[in-house]
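Sequential numbering of the sequence shown, starting at 0, is according to numbering that gives the first Met the number 0. The beta carbon of each residue, even a glycine, is placed where N, CA and C say it ideally should be. Just so we're clear, the structure is a prediction, and the values are computed from it rather than from any experiment. A short worksheet on the structure shown next.
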Amino acid sequence: MLVADYEEAVSLAVETLSRIPGISAVYRFGTLWQPGVSDIDLLVVCDEGAEPAIPGPWRLSPKAAYLFTHRYLTMGVDSAQELFALFPEETLRCQFLWGTEVDFRKPKDELSPAEYSWMIAGVFFDMLVTKLLPLAGVIPLMKDVDVRQRIGQLHSLKYSEILLHVLQEDFTCDTAFTEQVDLLYEHWFAAPKQEQLDLLEDVSLQAVSVIMGMVECFKHYTDTYVSDCVPLCFRSGRYTIRFTDVWSPKEFAHIYRRGFVRLGKFHHDTLLTPQTFGVFLTWYAAHGGAFGMRVRESIRSVSCVSPAPAGFLRHADALNAAFADYEYSHGTHKIPYTFGFSPGGGWPERVKKWVTYPFMVV
Numbered sequence: 000m001l002v003a004d005y006e007e008a009v010s011l012a013v014e015t016l017s018r019i020p021g022i023s024a025v026y027r028f029g030t031l032w033q034p035g036v037s038d039i040d041l042l043v044v045c046d047e048g049a050e051p052a053i054p055g056p057w058r059l060s061p062k063a064a065y066l067f068t069h070r071y072l073t074m075g076v077d078s079a080q081e082l083f084a085l086f087p088e089e090t091l092r093c094q095f096l097w098g099t100e101v102d103f104r105k106p107k108d109e110l111s112p113a114e115y116s117w118m119i120a121g122v123f124f125d126m127l128v129t130k131l132l133p134l135a136g137v138i139p140l141m142k143d144v145d146v147r148q149r150i151g152q153l154h155s156l157k158y159s160e161i162l163l164h165v166l167q168e169d170f171t172c173d174t175a176f177t178e179q180v181d182l183l184y185e186h187w188f189a190a191p192k193q194e195q196l197d198l199l200e201d202v203s204l205q206a207v208s209v210i211m212g213m214v215e216c217f218k219h220y221t222d223t224y225v226s227d228c229v230p231l232c233f234r235s236g237r238y239t240i241r242f243t244d245v246w247s248p249k250e251f252a253h254i255y256r257r258g259f260v261r262l263g264k265f266h267h268d269t270l271l272t273p274q275t276f277g278v279f280l281t282w283y284a285a286h287g288g289a290f291g292m293r294v295r296e297s298i299r300s301v302s303c304v305s306p307a308p309a310g311f312l313r314h315a316d317a318l319n320a321a322f323a324d325y326e327y328s329h330g331t332h333k334i335p336y337t338f339g340f341s342p343g344g345g346w347p348e349r350v351k352k353w354v355t356y357p358f359m360v361v
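Here it is in C-alpha cells:
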C-alpha cells in the first residue's frame with residue numbers, strides 16, 4: 000500500500016458521497032497515513048432530518064476494502080456542530096473535503112477553565128468505558144491479535160493523554176512507551192516480522208499499566224471534586240460497569256470478563272471502576288435527554304450528592320443530540336459512544352424476565 004492508494008480511496012468515497020441527496024459535507028480525520036497500518040476515518044454530515052442510504056466504503060474498490068476498517072461516521076449538522084466541539088483540536092485534526100463547511104462550536108472560548116475541564120472529563124469518561132478499560136482488560140487474555148488493529152489502539156492512547164493533560168497538567172505518558180508505539184506505527188515493515196511481533200506484545204502489556212495510570216489520574220481528579228456517590232451498577236447490551244471504593248488494577252483484572260451477547264456478534268465487557276466515576280452516569284440520568292433516559296433505565300439509582308457542573312452538562316447536551324439522531328435514524332447515523340444502547344431502545348421483554356440490576360459493590 001502507498002499513500003496514493005489512501006488518497007485514491009478517499010477521492011472515490013467523496014465522489015460517491017457527493018452524489019447522494021441529503022449529504023451536506025464530508026470530513027477526514029487525521030493528517031498523515033502510515034501505508035499498510037493506518038485506516039481511513041471519514042465523517043459524513045447529513046442535512047437535518049435526512050436519512051440517506053449510504054453504501055459501505057468497502058464497495059468502492061478492492062483496496063478500499065482493506066483501507067476502511069469501519070463504516071463512515073455519520074450524523075446531522077447540529078449534532079456534528081456540538082459533538083465534535085467537545086474534543087481538543089489536536090485529537091481530531093479534522094480536514095474539510097467536500098460540501099458546506101460545518102460551523103463547529105468552540106466551547107473552550109465560551110466556558111471558564113473549570114467548566115471546560117469538566118466538559119473534557121465527560122469525554123474522557125466515555126472514552127475510558129468504551130475504549131480504554133476494555134482494551135486493558137482483554138490484552139492479557141488475547142492470544143490471536145489483529146496486528147493492525149492493536150497498533151491503532153496503542154497509537155490512539157496519545158489522544159487520551161491529551162484529554163487527561165487538560166484535567167491534570169502534570170500528567171504525561173512514559174516517554175519510552177510513546178517512542179516504542181511510534182516505532183511500531185511508523186516503521187512496522189522496517190524490521191523483521193518476529194522482532195516486531197515481540198515488540199508489539201511487550202508494548203501491549205506496557206499499555207495496560209499506562210491505562211491503569213490514567214485511571215488513577217482520573218480518580219484523583221474526580222475525588223478532588225466529588226465527595227460522595229451512591230453505589231450503583233450499569234448494564235447495557237455491551238457493558239456491565241461495577242463501581243467500588245477499593246479499586247486497584249489487581250481487582251480490575253480479577254473482575255474483568257469478556258463474554259458474548261446474542262448470536263455472538265458483539266462482545267460484552269464487565270468493567271470495574273472507582274466508585275466516584277459513577278457520578279458521571281448519575282449526571283447523565285438526572286439530566287435526561289435521549290441518551291440520559293437510556294442511562295436512567297440501566298442503573299439502579301439516579302440520586303447523587305453532587306450537582307452536575309455546567310461544563311459536563313454541555314457535554315451531556317451534545318451527546319444527547321447525537322444519540323437522538325442515532326435513534327431517529329434507526330442506527331443509520333453512527334456516533335462514537337453509544338454505550339451499547341441499540342437504536343431500538345431498551346431490553347427485549349424476553350431478556351427483561353431474567354436480567355436484574357442488583358447493587359454490585361465490591
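Query                                                                                                                                                            : Result
Measure the Cβ-Cβ separation of Asp316 and Glu114 and say whether it is below 8 Å.                                                                               : no
Under 6 Å Cβ to Cβ from Ser17, same chain only, skipping five residues before and after it: list those, please.                                                  : Trp97
Quick one: what does DSSP say Gly212 is sitting in, helix, strand or coil?                                                                                       : helix
Using the Cβ count rule (16 or more neighbours within 10 Å means buried), how would you classify Glu6?                                                           : exposed
Using CA coordinates, which residue listed in Asp102, Arg237 and Ala175 is at the minimum distance from Val209?                                                  : Ala175
Buried or exposed: where does Gly345 fall if 16 or more other Cβ atoms within 10 Å of its Cβ makes it buried?                                                    : Its pLDDT being 43, under 50, Gly345 is placed unreliably by the model, and the measurement read from it follows with that caveat. It counts as exposed.
So what does DSSP say about Thr30, is it helix, strand or coil?                                                                                                  : coil
DSSP on Gly149, reduced to helix/strand/coil?                                                                                                                    : The sequence given here has Arg at residue 149, not Gly. If DSSP states are grouped into helix, strand and coil, Arg149 belongs with the helices.
Short check: CB of Thr239 to CB of Thr269, under 8 Å?                                                                                                            : yes
Going by beta carbon distance, what residues of the same chain come within less than 6 Å of Leu280, once the five residues before and after it are set aside?    : Phe233, Val294 and Ile298
May I have the straight-line CA-CA distance separating Arg147 from Val36, to the nearest angstrom?                                                               : 6 Å
Would you check if there are 3 or more beta carbon pairs closer than 8 Å linking the segment 303–313 to the segment 327–335?                                     : no
Taking the alpha carbon of Pro273 as the reference point, which residue from Arg237, Ser116, Val13 and Val214 has its own alpha carbon closest?                  : Val214
Would you call the segment 160–176 in contact with the segment 186–195, where contact means no fewer than 3 C-beta pairs closer than 8 Å?                        : no
Keeping to the same chain, check which residues put their C-beta closer than 8 Å to that of Phe358; ignore five residues upstream and five downstream.           : Note that Phe358 scores 30 on pLDDT, short of 50, meaning its location in the model is unreliable; the coordinates nonetheless yield the value given after this. Excluding positions up to five away in sequence, the list reads Pro230, Leu231, Cys232 and Arg299.
Is Val2 near Pro34, with beta carbons less than 8 Å apart?                                                                                                       : yes
Can you confirm whether Val13, when its beta carbon is compared against all beta carbons of chain B, has any partner nearer than 8 Å?                            : Of the protein chains in the structure, only one exists, and it is not chain B.
Can you find the residues in the same chain that come closer than 7 Å, C-beta to C-beta, to Pro51, ignoring five residues on each side of it along the sequence? : Ile19, Pro20, Gly21, Ile22 and Cys45
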